[in-house]
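Here is the structure we will look at.
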Amino acid sequence: MTAFLAILIVGVGTYLFRSIFIIALAGRTIPPNLVRALEFVGPAVLSALVVALMVEEGQVVAGVPEVAALAAGGLVGWKTRNLIYTVVAGMAVFWILRIWF
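Numbering (the working numbering), first residue to last: 84 to 184.
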């Protein structure tokens with residue numbers, strides 16, 4: 084029961100936290116500079132997660148599949164500017180190379 088209650092409280096808190104911004108910004112126009120800056124949040128977070136997974140105690144622990152997937156994802160992201168295509172390309176290259184290495 085305690086775990087369920089904790090999950091429920093965290094879920095309600097998350098919902099309230101997200102809805103505050105929707106309610107506060109309703110009917111307002113967001114400045115174009117802010118919109119342009121927010122377009123980079125997704126790729127920046129994805130990059131931070133990937134780098135955090137590839138470095139352990141200051142040492143790079145990435146193998147061939149990881150580096151190739153990073154390169155493929157970076158290339159697709161640069162060419163398409165689409166986060167979904169970037170993730171799919173990187174994951175596909177990683178899974179295919181993971182079989183051989």
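Note that CB positions come from ideal geometry on N, CA and C, so glycine has one too.
Distance between residue j and residue i (C-alpha atoms, nearest Å)
i: L158; j: P126; result: 13 Å
i: S102; j: I182; result: 43 Å
i: L108; j: A154; result: 38 Å
Three-state class that DSSP yields for residue i in the structure shown
i: E139; result: strand
i: V159; result: helix
i: G146; result: coil
i: L91; result: helix
i: T112; result: coil
Neighbour flag for residue i against chain D, beta carbons, 8 Å
i: L158; result: This model lacks chain D altogether; it includes just one protein chain.
Enclosing alpha helix (DSSP H) for residue i [first to last residue]
i: L55; result: Nothing can be reported for residue 55, as the shown portion of the chain is limited to 84 through 184.
i: F123; result: F123 -> no alpha helix (DSSP H), and no H or E assigned at all.
Residue i, buried or exposed, once every other Cβ within 10 Å from all chains shown has been counted against 16
i: V147; result: exposed
i: T169; result: buried
i: E149; result: buried
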